[in-house]
Amino acid sequence: ATQITATGFPNLRKQANDAGDWQATGSVECKLLVRHPTGGIGAAGNGPTSLSYAGAYITAGAQNTYLATYQTLNSLTGVPVGATKIWHETALAVGALNSDIAARTGNESKKLETSDDFNNILWRQEHKAAGKTPNDMKGHRKTLFGATSKDKYHEYIIKVYKMEIQTSTGGVTDKKKLGDISDELEFVSILRYCQLRTAEDIKSFKNKLENKDTKANEKEEEVCNAAGSDRKACENLKERECTFNRESNKCQLKKEVEEAEKKAARQVRGAKPGVNCPKHTKKEECEAENKNVKAVEKSVCGWIKDKYKDSSFLLNKKLALIVFAFVILFF
Numbered sequence: 126a127t128q129i130t131a132t133g134f135p136n137l138r139k140q141a142n143d144a145g146d147w148q149a150t151g152s153v154e155c156k157l158l159v160r161h162p163t164g165g166i167g168a169a170g171n172g173p174t175s176l177s178y179a180g181a182y183i184t185a186g187a188q189n190t191y192l193a194t195y196q197t198l199n200s201l202t203g204v205p206v207g208a209t210k211i212w213h214e215t216a217l218a219v220g221a222l223n224s225d226i227a228a229r230t231g232n233e234s235k236k237l238e239t240s241d242d243f244n245n246i247l248w249r250q251e252h253k254a255a256g257k258t259p260n261d262m263k264g265h266r267k268t269l270f271g272a273t274s275k276d277k278y279h280e281y282i283i284k285v286y287k288m289e290i291q292t293s294t295g296g297v298t299d300k301k302k303l304g305d306i307s308d309e310l311e312f313v314s315i316l317r318y319c320q321l322r323t324a325e326d327i328k329s330f331k332n333k334l335e336n337k338d339t340k341a342n343e344k345e346e347e348v349c350n351a352a353g354s355d356r357k358a359c360e361n362l363k364e365r366e367c368t369f370n371r372e373s374n375k376c377q378l379k380k381e382v383e384e385a386e387k388k389a390a391r392q393v394r395g396a397k398p399g400v401n402c403p404k405h406t407k408k409e410e411c412e413a414e415n416k417n418v419k420a421v422e423k424s425v426c427g428w429i430k431d432k433y434k435d436s437s438f439l440l441n442k443k444l445a446l447i448v449f450a451f452v453i454l455f456f
């Protein structure tokens, strides 16, 4: 088989450098591809016409030169099928590939700059009430969104390229610009480093927010508590999330009062049918509800700290204490 080497096409050359050689001695050009009179197809002078190969992908010109020209495969769309079927299909495949890449990587946002539908949406949102027409929005787009997407894209790419990577960032030994890095592993190392730092920053930010919320609640709670049993003063603090708790007869943070009411409602719902534990205001009357309860059964009502409590609350409290004991023991 004929092989191309640094010296050209050696297997195409005959033993002697005569007129029948396919490659002139000392030349790296194949005579089939050039029209030079001594080193190409022409015997003397220029050829009458140029010669085409591979469906016009390669052309040997008629001029006195050693150079052949090569068509750009992207634009080689007019290749006939016939004897050049493989080049015809290759040209179509390359064209389809370019079209697919353009469709997948196209800048969709740029369509908004010329889209009539988007123009109408802006008009309805911005100027319809002012009696203007959709045409008035065309010059208003740049005012709303700034430069076109093409200019913005260029601006962002330049910023990314010029971004300086500091020493010790992901193993970088010398400070350099991001655009000057070509090693893929170095890119991955920098990316992982930045992702880790970002995760740490997010965690720290969340902790700060939680602490801020806690301190804010504590401050609001102090304001509410300061009003004490003064109902009118408490009502004047509604904007500070204060509300007057009728049960405790004092001003409290609204959230705490709502939680207490929900808790009490859950306790009442947990009572047995036909029993109204909350109606009892004396300890003796409350405990009397348990007179027909057997020793192995759960009590109906219970009295804790001078207030009735449903037995389900007592049970839940007992379970909570058991769980707490296990936590202390094992952790």
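Using my numbering, you'd call the opening residue of the sequence shown number 126 and step up by one each time. By construction, the Cβ of each residue, glycine as well, lies at the ideal position given by its N, Cα and C atoms.
Query raised in the report: Within this structure, are the beta carbons of Leu378 and Glu346 separated by less than 8 Å?
Result: yes
Requested in this report: Quick one: grab the DSSP three-state call for Leu362.
Outcome: coil
Requested in this report: Spell out the partners DSSP gives Ala179 in its beta bridges.
Outcome: Here Ala179 is not bridged, per DSSP, to any residue.
Query - Residue span of the alpha helix (DSSP H) that contains Cys376, given as start and end - result: If you look at Cys376, you'll find it isn't in any alpha helix (DSSP H); it sits in the beta strand (DSSP E) that goes 375 to 378.
Report task. Note down, in chain order, each residue of its chain lying with its Cβ closer than 6 Å to the Cβ of Leu247, except the 5 sequence neighbours on either side. Result -> If we look at Leu247 and ignore the five residues flanking it on each side, its Cβ neighbours are Met262.
Query raised in the report: Which of helix, strand or coil does DSSP assign to Glu372?
Result: coil
Query raised in the report: Looking only at its own chain, which residues have a Cβ that is under 6 Å from the Cβ of Lys301, when we skip the five neighbours before and after it?
Result: Same-chain partners within the cutoff: Ile290.
Report task. Output the distance between the C-alpha atoms of Leu303 and Met288, rounded to the nearest integer angstrom. Result -> 6 Å
Query raised in the report: Mind checking Cys319: buried by the 16 CB within 10 Å criterion, or exposed?
Result: It is exposed - the Cβ of Cys319 has fewer than 16 other Cβ atoms within 10 Å.
Requested in this report: Just grab the DSSP bridge partners of Lys302 for me.
Outcome: Glu289
Query raised in the report: Helix, strand or coil for Ala185 per DSSP?
Result: Strand at Ala185.
**Report entry** Which of helix, strand or coil DSSP assigns to Thr194
**Finding:** It is a strand residue.
Report task. Take Leu362 and list the residues in its own chain whose beta-carbon comes closer than 8 Å to its own, dropping the five residues that flank it on each side. Result -> Val348, Cys349, Ala352, Cys376
Query raised in the report: Who does Cys349 pair with in a DSSP beta bridge?
Result: None; Cys349 has no bridge partner.
Query raised in the report: Roughly how many angstroms separate the alpha carbons of Lys328 and Asp305, rounded to a whole number?
Result: 32 Å
Query - Per DSSP, the bridge partner or partners of Cys402 - result: Partner(s): none; Cys402 has no beta bridge.
Query - Beta-carbon gap between Glu414 and Cys426 smaller than 8 Å - result: yes
Requested in this report: Write down the C-beta distance between Trp212 and Ala185 rounded to the nearest angstrom, noting that I regard them as a contact closer than 8 Å.
Outcome: The Cβ separation is near 16 Å, so there is no contact.
Query raised in the report: In whole angstroms, what separates the C-alpha of Thr298 from that of Phe243?
Result: 49 Å
**Report entry** Own chain partners of Arg356 with C-beta closer than 7 Å, once the 5 adjacent residues on each side are dropped
**Finding:** Once the five neighbours on either side are set aside, the close Cβ partners of Arg356 are Phe369.
Query raised in the report: In the DSSP assignment, what are the bridge partners of Cys367?
Result: Bridge pairing for Cys367: Leu378 [DSSP].
Report task. Give the DSSP-derived three-state secondary structure of Thr294 in the structure shown. Result -> coil
Report task. Could you check what DSSP says for His279 in three-state terms: helix, strand or coil? Result -> Residue state, collapsed to three classes: helix.
Report task. Kindly list the residues whose CB is nearer than 6 Å to the CB of Thr194, restricted to its own chain and excluding five residues on each side of it in sequence; keep chain order. Result -> Thr184
Report task. Indicate the three-state DSSP secondary structure (helix, strand or coil) for Thr215 in the structure shown. Result -> helix
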